[in-house]
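In the working numbering, the protein residues as written are 523 to 1055.
Quick reminder that beta carbons are idealized off the backbone N, C-alpha and C, glycines included.
Reviewing the structure listed below.
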Ligand code: GLC
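Below, the structure is given as structure tokens:
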């Protein structure tokens, strides 16, 4: 198995939607085991070296598993601990590393710790959570707002105190100031590390540490009191203790060889310079800590916006630090729906030719789009808060083949399957040279061929704002590739710095771009090309 420094990408599996093996309409661990070949095998696979599996722990599923009621067991919906052990073993046999989600900021309100804490204010578990007395007028202790809407404080009539929940009220925040909580949560890491997991995706870490004086969040200019975006969120997250907490966790993880932690760290421009927040997260533990870079999720379309963003981020990294570009996940609209199908092919080429460990969200490799979900079928409760507008459309079943329910399940799936599944599915796309899947496979083959895409230098060659073209070079030792991306809907001529015309891959499903000697290349509308120098 490769070491993390050589891993080509991370493939995010949303277990509810990957593959249902027992016919209940919900994906499960056995389904993942059965379909590992798609990730990495000798023939027709994506060729990705690592998977990240979103939560499969015991949970009432108020936040689809991000509300954990037992950190060290598998929810029966997904299978058993024995299934998980088998999954790790079979993944490792194929050379696939396994990353799992770790949810440190909050438990479920059904977790035994919280049940004791709320049931008996004198219980030793009380201080596992964050309790505050009401404000003098009986209102919530301060003006903090939950990401999912409404006050972040819930009143507990038994004790007359409020508890804090940065997300749903069924997700009470843990009190990381309490050393007993830190010990418990470190033992959770050890439990899974002992089972052989290769790393953790650390959920919502920026919320773990709060302002120790519990100050009100200032209003933004024009911001509306009581709304999440109305405030500068400088006190409810990124507290002064964040780095020490994460370091403590890193120390445990580092006791095991070649492990990693990916931080879900939504850097927030309203608090201060974004580069400083990334710097802080890299400095937690530069050997094993990688913050996801989500910037590419919210950029407007265009060569300049992407080019500037990559230059700034790469410029901030120190040698040896791994970039963690992540342009889509279970919380954000599908790339193909954000920008369009042709445009999504450009984004695929961009993502998989950037340094570090990029994340591929399941289904993006077959060009999956947001699937409309009727309000009566909605499962994501954040839809009601209006903050996310509901994340169900980006979590729909994987489209494996053209059989009923796209081969995902023999039962009616928990969310609807995309209407176009008879065409857009793995089995079909494997057979077609021009498909999304073939493009992803070729991109990953180049990423695998040598170390250049993973560890080589990134050098910007051209950002042409008017022509909407971005060109960059990737070099490692004696190997050099040029990537030329035409973000415009017009044909563009690009002059390369070398007499290079060996185009090895284009996003265009039909033909290679026209090249001439003296390093001139003609890109079709929305075409990207990789040129080997
Ligand atoms: C993260 C997860 C999201 C979840 C939230 C609360 O942002 O990605 O799905 O709702 O944390 O755990």
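For the candidate residues the options, whose alpha-carbon lies nearest to that of residue i?
i           : options                : result
residue 630 : 589, 639 and 602       : 589
residue 948 : 568, 524, 554 and 523  : 568
residue 976 : 844, 572 and 784       : 844
residue 992 : 869, 960, 903 and 1031 : 869
residue 707 : 624, 716, 684 and 915  : 624
residue 680 : 672, 704, 638 and 664  : 638
residue 727 : 715, 739 and 698       : 698
residue 982 : 558, 640, 832 and 560  : 832
residue 806 : 762, 550 and 678       : 762
residue 725 : 585, 642, 839 and 563  : 585
residue 560 : 663, 587 and 617       : 617
Closer than 6 angstroms by C-beta to residue i: which residues in its own chain qualify, once you throw out the five before and the five after it? Chain order, please.
i            : result
residue 591  : 580, 581, 630, 632 and 633
residue 1005 : 875, 994 and 1052
residue 1066 : Nothing in the structure corresponds to residue 1066, since the chain is present only between 523 and 1055.
residue 957  : 951
residue 1056 : With the chain covering only 523 through 1055, there is no way to say anything about residue 1056.
residue 549  : 537, 538, 539, 540, 541 and 542
residue 740  : 754
Count the other C-beta atoms from every protein chain shown that fall within 10 angstroms of the C-beta of residue i, then say buried if there are 16 or more, exposed otherwise.
i            : result
residue 1013 : exposed
residue 955  : exposed
residue 820  : exposed
residue 734  : exposed
residue 917  : buried
residue 644  : exposed
residue 1024 : exposed
residue 701  : exposed
residue 786  : buried
residue 906  : exposed
residue 604  : exposed
residue 809  : exposed
residue 935  : buried
residue 1015 : exposed
Note down, in chain order, each residue of its chain lying with its Cβ closer than 8 angstroms to the Cβ of residue i, except the 5 sequence neighbours on either side.
i           : result
residue 535 : 554, 573, 574, 575, 576 and 884
residue 687 : 628, 668, 674, 675, 676, 693, 694 and 695
residue 704 : 698, 767 and 770
residue 824 : 987, 990 and 1009
Which of the three DSSP states, helix, strand or coil, is assigned to residue i?
i            : result
residue 555  : helix
residue 878  : coil
residue 835  : helix
residue 813  : strand
residue 960  : helix
residue 991  : strand
residue 1039 : coil
residue 984  : strand
residue 852  : coil
residue 1057 : What is shown of the chain runs 523 to 1055, which leaves residue 1057 out entirely.
residue 583  : coil
Tell me which residues share the same chain as residue i and place their Cβ nearer than 7 angstroms to its Cβ, disregarding the 5 neighbours each side in the sequence.
i           : result
residue 607 : 717
residue 566 : 952
residue 889 : 858, 863, 866, 946 and 958
residue 602 : 596
residue 913 : 852, 853, 902 and 904
residue 529 : 571, 572, 619 and 879
Three or more C-beta pairs below 8 angstroms linking the region 766-780 and the region 856-865: no
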